[in-house]
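Chains as they are written, first to last, in the working numbering: chain B, 1 to 406; chain R, 407 to 714. Worksheet: one structure, shown below.
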């Protein structure tokens, strides 16, 4: 017994010593950087690095890593060496907030790329704002983050927050223009699931579609818990629309499409990024062919400007894919690096003034990025608003039309 | 106008047939042991998963419809009956003479346990599963410009067949008469030589078989199943049973169809802010409250109210 207790305390001592040693090495490393005559500036990443969404989160981290490596190679910030500091938010607001506090306590942090989830961003923004750290998100699509809760009287909540992706608020109008102009359909019906996302999407779509001269012949609702949509479909069918616009997500959208077509209403269904998921096609069955969904951004493979990014990413030898938001994360990191080029020019250390100057510089940045031209408007949104219409074909979502929204 | 009415009538009948099938299980068990078996909705869910399992793991690709459907039905019924018998034996029988709240709470526990078991251990059951589209083809016109899809015809035919068979069984067979006798007075029935335990098991088996038929019917008709499907369906079927008069077999059928029709007609005819699909449940439950206020015994009356 006593021997075991002795062993245990011995093991604890060893572990403790190792931990201390590890800290020591780390400190020495940064000292080593300084010894080269280079000061260290860090760019943080807050993204879901574990859990369901880790594929996206790791793609974001790696893409930022790539941007930093390239900047260091090109000596983009003379006298400064950029380092990456990635923190996991587990797609959870509370964890994200702690990650933000950790980064805010690090004096070398000059900017943060993240988050992926809009809900996490709401908790991260105030922490980084207090520390005057610029935040550029590659994946938040919630309109309220830049415009405030009242979209008709937009008011920017945080001056340090920017994003490179597009928001949900223009998905509806984008879809409406595609239906009216490209498909030539003038008579549609709408169904929403009474949730914030679905109601908002349908409202934005309807507004634009009517402004274009289209007619909305039936406006219906369903419960997210419902499984039988027959009665709503019968009501929609009576109005004889040529397309059904659905505001909601794929667990309801897929079965809705399938039931609609089985009940003889053979018109395409269109929705937002909530239905653009392989599961939609599985639930929708064979008859989901020809349905549409809009999503923010462009399929990276389709963009000429993205080829260099994709090549460099593959050469860098990351074990995970850059995923859906990699290109936006790469642009977000470069926006911060561009800002640092201005703010760090005469600086010797990273003070609050330098951080504020960085925010200003990012606000004024303008460059050709991977996902298109990157520049920010007075709310912190990217001025280039690229969206894509996807169509169900051959059992998968294929890009039908990519365009920038003006 | 008429087209719309007939179309919604058809939708309501299909929905009502499924509610009625599940409601029969509630009402039979309540009639005999005065237990509201809240886990009955999960039996319905397990029936659907049983049928899906046969399709996914047993049948080879390209099996003919006429072979696949009976085998799937068999698989669904088997799964549902096994779970129901085990539930009766291990969860309810030990509590038969306990205060009435104890089996009620147990039923809620069993319901949660079954849902979570399927969610955790059935492959891919964490999200909705697509049920195979076995019955396809263009909708069949039924006159007045309305039409119904082929799966719904099968659903209604099978449901009506089940209801007729159950009625005949309860009225004509020896076991059916024993069930009636037990419902009226279990102590006297036992003195007359009826094996009460067996009667109770049979009522659970019959209820489970009907629920499994409903589960498979919903899979075919709506094209999706998930581990939570039993919750809402069970709640609706319970409403249907109470609406018709719980304990009364004809009442469950009438209540099921009434509920189905009210839901679709509410979608069709209630305009404005309180109309539409999102409000149909509100109107269905409003009807339940009205019926309970003015006719607490249900539309057809509670047949075995003497033992409450």
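Think of the CB as a built atom: it goes at the ideal place given N, C-alpha and C, for glycine as much as any other residue. Note that the structure is predicted; figures quoted are calculated from it, not measured.
For residue j and residue i, the rounded distance between their alpha carbons
i                     : j                     : result
residue 518 (chain R) : residue 491 (chain R) : 17 Å
residue 50 (chain B)  : residue 513 (chain R) : 38 Å
residue 391 (chain B) : residue 398 (chain B) : 5 Å
residue 247 (chain B) : residue 565 (chain R) : 34 Å
residue 362 (chain B) : residue 244 (chain B) : 41 Å
residue 468 (chain R) : residue 630 (chain R) : 20 Å
residue 290 (chain B) : residue 389 (chain B) : 12 Å
residue 437 (chain R) : residue 691 (chain R) : 23 Å
residue 675 (chain R) : residue 235 (chain B) : 10 Å
residue 434 (chain R) : residue 574 (chain R) : 14 Å
residue 277 (chain B) : residue 116 (chain B) : 17 Å
residue 111 (chain B) : residue 173 (chain B) : 33 Å
residue 251 (chain B) : residue 659 (chain R) : 31 Å
residue 409 (chain B) : residue 323 (chain B) : Any answer about residue 409 (chain B) is impossible in this case: the structure gives chain B only from 1 up to 406.
residue 704 (chain R) : residue 448 (chain R) : 25 Å
residue 478 (chain R) : residue 456 (chain R) : 7 Å
residue 346 (chain B) : residue 317 (chain B) : 35 Å
residue 425 (chain R) : residue 272 (chain B) : 33 Å
residue 343 (chain B) : residue 171 (chain B) : 35 Å
residue 305 (chain B) : residue 298 (chain B) : 11 Å
residue 585 (chain R) : residue 706 (chain R) : 20 Å
residue 417 (chain R) : residue 701 (chain R) : 27 Å
residue 387 (chain B) : residue 249 (chain B) : 18 Å
residue 534 (chain R) : residue 635 (chain R) : 9 Å
residue 622 (chain R) : residue 637 (chain R) : 16 Å
residue 402 (chain B) : residue 82 (chain B)  : 34 Å
residue 598 (chain R) : residue 562 (chain R) : 39 Å
residue 664 (chain R) : residue 590 (chain R) : 27 Å
residue 682 (chain R) : residue 643 (chain R) : 21 Å
Buried versus exposed call for residue i [16 or more other C-beta atoms within 10 Å across all chains shown]
i                     : result
residue 526 (chain R) : exposed
residue 504 (chain R) : exposed
residue 256 (chain B) : buried
residue 268 (chain B) : buried
residue 105 (chain B) : exposed
residue 35 (chain B)  : Note that residue 35 (chain B) scores 47 on pLDDT, short of 50, meaning its location in the model is unreliable and no value can be drawn from it.
residue 241 (chain B) : buried
residue 160 (chain B) : buried
Integer Cβ distance of residue i from residue j, believed to fall under 8 Å
i                     : j                     : result
residue 487 (chain R) : residue 668 (chain R) : With 8 Å as the limit, residue 487 (chain R) and residue 668 (chain R) do not qualify as a contact, their Cβ atoms being about 31 Å apart.
residue 687 (chain R) : residue 223 (chain B) : 7 Å
residue 404 (chain B) : residue 385 (chain B) : 6 Å
residue 428 (chain R) : residue 557 (chain R) : Wrong, their Cβ atoms sit about 18 Å apart, outside the cutoff.
residue 180 (chain B) : residue 186 (chain B) : 7 Å
residue 421 (chain R) : residue 670 (chain R) : 7 Å
residue 617 (chain R) : residue 431 (chain R) : 5 Å
residue 76 (chain B)  : residue 61 (chain B)  : Contact flag wrong, Cβ pair sits at about 20 Å.
residue 374 (chain B) : residue 331 (chain B) : 5 Å
residue 93 (chain B)  : residue 52 (chain B)  : With a Cβ gap of about 15 Å, residue 93 (chain B) and residue 52 (chain B) do not count as contacting.
residue 485 (chain R) : residue 452 (chain R) : 5 Å
residue 64 (chain B)  : residue 329 (chain B) : 5 Å
residue 334 (chain B) : residue 67 (chain B)  : 5 Å
residue 182 (chain B) : residue 216 (chain B) : The Cβ separation is near 18 Å, so there is no contact.
residue 321 (chain B) : residue 59 (chain B)  : 6 Å
residue 281 (chain B) : residue 395 (chain B) : 6 Å
residue 572 (chain R) : residue 655 (chain R) : 7 Å
Check whether residue i and residue j have beta carbons under 7 Å apart
i                     : j                     : result
residue 121 (chain B) : residue 145 (chain B) : yes
residue 167 (chain B) : residue 141 (chain B) : yes
residue 672 (chain R) : residue 194 (chain B) : no
residue 164 (chain B) : residue 382 (chain B) : yes
residue 45 (chain B)  : residue 114 (chain B) : yes
residue 581 (chain R) : residue 608 (chain R) : yes
residue 262 (chain B) : residue 555 (chain R) : yes
residue 435 (chain B) : residue 219 (chain B) : As displayed, chain B neither begins before 1 nor continues past 406, which places residue 435 (chain B) out of reach and without an answer.
residue 265 (chain B) : residue 233 (chain B) : yes
residue 370 (chain B) : residue 327 (chain B) : yes
residue 537 (chain R) : residue 625 (chain R) : yes
residue 474 (chain R) : residue 465 (chain R) : yes
Counterpart residues of residue i in DSSP-defined beta bridges
i                     : result
residue 88 (chain B)  : B:47
residue 359 (chain R) : Because residue 359 (chain R) is not part of the residues shown, which for chain R are 407 to 714, the question remains open.
residue 480 (chain R) : Answer is none; residue 480 (chain R) lacks a bridge partner.
residue 80 (chain B)  : B:39
residue 382 (chain B) : B:376
residue 270 (chain B) : B:245, B:292
residue 397 (chain B) : B:392
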